[in-house]
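K.L.:
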Amino acid sequence: MTTNALGFCEDRFKPMEPGRLCRGRERWIDAYPLKDPEDLFRVVISGAVFSDDSANDARRGLIFSGLVLHEVIHAVFPNGPLYAWAENAPPRLIPDEATGVEEYSVSQPGGPIRRWLCRWMMPCSTPTDIQKAIDCGADVFISLKADVEQPGPIAPPFTEESHEMPRLADEPDRPAPTLSEGLRQRLYLLTGFREGEQPTRRFQPGALPELLEYVEVAVLVHQDKHAPCLGMYSRDLIDPAGALKALCKGKGVLAVPFAIPPMLARWDRALWELRQEWDENTDGPFPVEPAPEGVHSWGRRHGRRRRKRTHGSGEE
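Numbered continuously in the numbering used here, the sequence shown closes out at residue 757.
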């Protein structure tokens, strides 16, 4: 018997000291200096499937919770709309709803001499739109602030060497960008200096504070050990616990709070802490099987250390 679980954490995030990310699968692009560094709020959401509370056989990533990315994003931001942003996306997968499409060629050490990629944006008003954008290469979603004027171009003028991809005979005309040039430039600073080796570097943390002057939240698709997870960054506190627990209850998924981001934390420790607070009279039996005898888990190691400390102090 296996258990599907959704893990989430709320913490403070320092763009100049972003810390580790995703256990060797992903790292931050090195941050550039900020004049007035400030803390942001962050929510990280991932998932796992495992057979017992040792979580030794855990498969980690949001999809292993039994939920998918668009369900979780829509649960936290049900009122939309959101805008998807794709960088280094494959040209053959550009969605029909995309606007502001830009094609460009890149060359990287160890790769093809010339490779065509593209960036685009797409308004997303439904969960289906969100999933379509993800399937086509988007990994950033933003929610614009109400009554906030979109920013002007960054000074000095931002330039980039680009070569327009030859148009196909049946290629449709793409709509003009739905976001201002200034906001698109700030999104580019977040995503435009990527490195594709392992671990991959996909996002520039120093770009988040200025971007969040104009958007309520930036949702980034990170890489957990086996599958993607979500990081949500904002200036104001996001409290998604109620929405996530309601979503999990409706889907039969165990909601597990974490003290640190799930992609860095131990699932066996989080399960042990959740078990200590579990009320069987209200919630029924704890839904995770205990690990078999002889299988090490954080709870058993913690118990041995606690007994050793108690015995060493002379207490009964």
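Glycine included, each C-beta is placed from N, C-alpha and C at the ideal position.
Mapping the DSSP letters down to three states, classify ARG627 as helix, strand or coil.
P.N.:
helix
K.L.:
Please determine, among ILE595, LEU652, LEU523, the residue with the shortest C-alpha to C-alpha distance to SER584.
P.N.:
LEU523
K.L.:
Helix, strand or coil for ARG635? Go by DSSP, reduced to three states.
P.N.:
Under the three-state reduction of DSSP output, ARG635 falls in the coil class, being neither helix nor strand.
K.L.:
So, helix, strand or coil for LEU649, using DSSP?
P.N.:
helix
K.L.:
Taking the alpha carbon of LEU649 as the reference point, which residue from CYS670, GLY637, PRO640, TYR674 has its own alpha carbon closest?
P.N.:
TYR674
K.L.:
If we ignore side chains and look at the alpha-carbon of each, how far apart do VAL450 and CYS577 end up?
P.N.:
With the sequence shown as reference, residue 450 is identified as Cys, and Val is not the correct amino acid for it. Whole-angstrom Cα-Cα distance: 28 angstroms.
K.L.:
Count the other CB atoms, across all protein chains shown, that sit within 10 Å of the CB of TYR629; report buried if there are 16 or more and exposed otherwise.
P.N.:
buried
K.L.:
Sort THR443, LEU712, ASP665 by Cα distance to LEU503 and report the nearest one.
P.N.:
When C-alpha distances from LEU503 are compared across THR443, LEU712, ASP665, the shortest belongs to ASP665.
K.L.:
Taking a contact to mean a Cβ-Cβ separation below 9 angstroms, would you say LEU475 touches VAL581 in this structure?
P.N.:
no
K.L.:
GLY672: buried (16+ other C-beta within 10 angstroms of its C-beta) or exposed?
P.N.:
buried
K.L.:
Would VAL697 pass as an interface residue toward chain C - the criterion being a Cβ-Cβ separation below 9 angstroms?
P.N.:
The question asks about chain C, but that chain is absent: this structure has only one protein chain.
K.L.:
Could you check whether VAL694 and PHE491 sit closer than 9 angstroms to each other, using their CB atoms as the reference points?
P.N.:
No Cβ-Cβ contact shorter than 9 angstroms links PHE491 with VAL694.
K.L.:
Jot down the residue ranges of each uninterrupted beta strand (DSSP E) in the segment 468-512, minimum 3 residues, whole runs only, in chain order.
P.N.:
481-491
K.L.:
In angstroms, rounded to a whole number, what distance separates the CA positions of ALA587 and PRO640?
P.N.:
Between ALA587 and PRO640, the C-alpha separation is close to 37 angstroms.
K.L.:
Using the three-state DSSP reduction, which class does VAL729 fall into: helix, strand or coil?
P.N.:
DSSP places VAL729 in coil when its eight states are reduced to three.
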